[in-house]
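See below for the structure under consideration.
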Amino acid sequence: MKLNERSLAFYATCDSPADNTGFLYKRGERHTAYHRRWFVLKGNMLFYFEERESREPVGVIVLEGCTVELCDSAEEFAFAIRFGGTKSRTYVLAAESQAAMESWVKSLSRASFDYMRLVVRELEKQLEEMRWGPAGGCGGCWQSPGSWKPKPLGPERSPERLLALPTVLPKENGCAVWNNVPGADQPPNTSSCGGHDGEGNPRPPPLPPRRRASSSEAGGTRAAAAESPSTFCRLHEQYGWEVARLRQGW
């Protein structure tokens, strides 16, 4: 795998937070002597510097496909980073204390993306169990969105108690009759309050009174009806004499 040295150097010394930092003793590849180096762990990359104030790292270890385990060494608190493969290198490091060694082993074991992938899968599984419950049972958890139904806001009423209106409202004098429903001819229940009946249903509005013609309007109608025959007879006689005269002239 090819890495850009300039990009790695910038990433190692930038202000991004590190997962772990500290001095460790690193055994050389050719010589078995240990050298004290400053280590910085960021993500899945373990950088090491000659000094803490160094501007560029001496090297980097990509922590993918490796295992971190304790090992026997001349130095105390030693552990090794091993990679799979016959020609892969094994890095032997040693901490300055037991607590530092445990901290580094734990941090390096959790640095790879393979470990993060396993953690994400486990968290997703736990989230699914919290939402829908374990497989084969509800577990007292949430219901699925498809089975959720809204609860009624008030007490449910039976169909018998609902006020049924006819499909086509009957009309009387060109106006719709609103109280033409079964039981409308019964006398109203004055014991109930307001505009509701005894069962709490809203009472329909009362019918407006029928309009009756006044005496003057009735007299005018009769006079118009009386004048109509006399006018027709007068016109009939006038045109009738004219037609008779014309026939005699022919």
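Residues in the sequence shown are numbered from -6 upward in steps of one, following the working numbering. Just so it is clear, CB atoms sit at the ideal spot from N, CA and C, and this is done for glycine as well.
- Cβ-Cβ distances below 7 Å link Val61 to Phe72, Ile74, Val98, Leu101 and Ser102 in the same chain, with the five nearest sequence neighbours on each side left out; the list follows chain order.
- A buried status is given to Phe40, since no fewer than 16 other beta-carbon atoms sit within 10 Å of its beta-carbon.
- Shown here, Gly15 sits in a strand according to DSSP, grouped into three states.
- Counting C-beta pairs with one atom in each stretch, the stretch 78 to 90 and the stretch 116 to 124 have fewer than three that are closer than 8 Å, which means they do not touch.
- Per DSSP, the continuous alpha helix (DSSP H) segment holding Lys118 begins and ends at Phe106 to Trp125.
- Counting every other CB atom within 10 Å of its CB across the protein chains shown gives Pro10 a total below 16, marking it as exposed.
- Taking a 10 Å sphere around the C-beta of Met123, we find fewer than 16 other C-beta atoms and assign the residue as exposed.
- Judged by DSSP secondary structure, Phe3 falls within the alpha helix (DSSP H) whose first and last residues are Glu(-2) to Thr6.
- Nearest Cα to Arg48 within the set Ala2, Val236 and Glu69: Ala2.
- Counting other Cβ atoms within 10 Å of its Cβ, Leu56 reaches 16 or more and is therefore classed as buried.
- Going by beta carbons, Arg29 and Phe16 fall inside the 7 Å limit.
- Within its own chain, the residues whose Cβ lies closer than 7 Å to the Cβ of Val85, once the five positions on either side in sequence are excluded, are Arg20, Cys64, Ser66, Ala71 and Ala73, listed in chain order.
- A distance of 7 Å or more separates the beta carbons of Tyr108 and Glu68.
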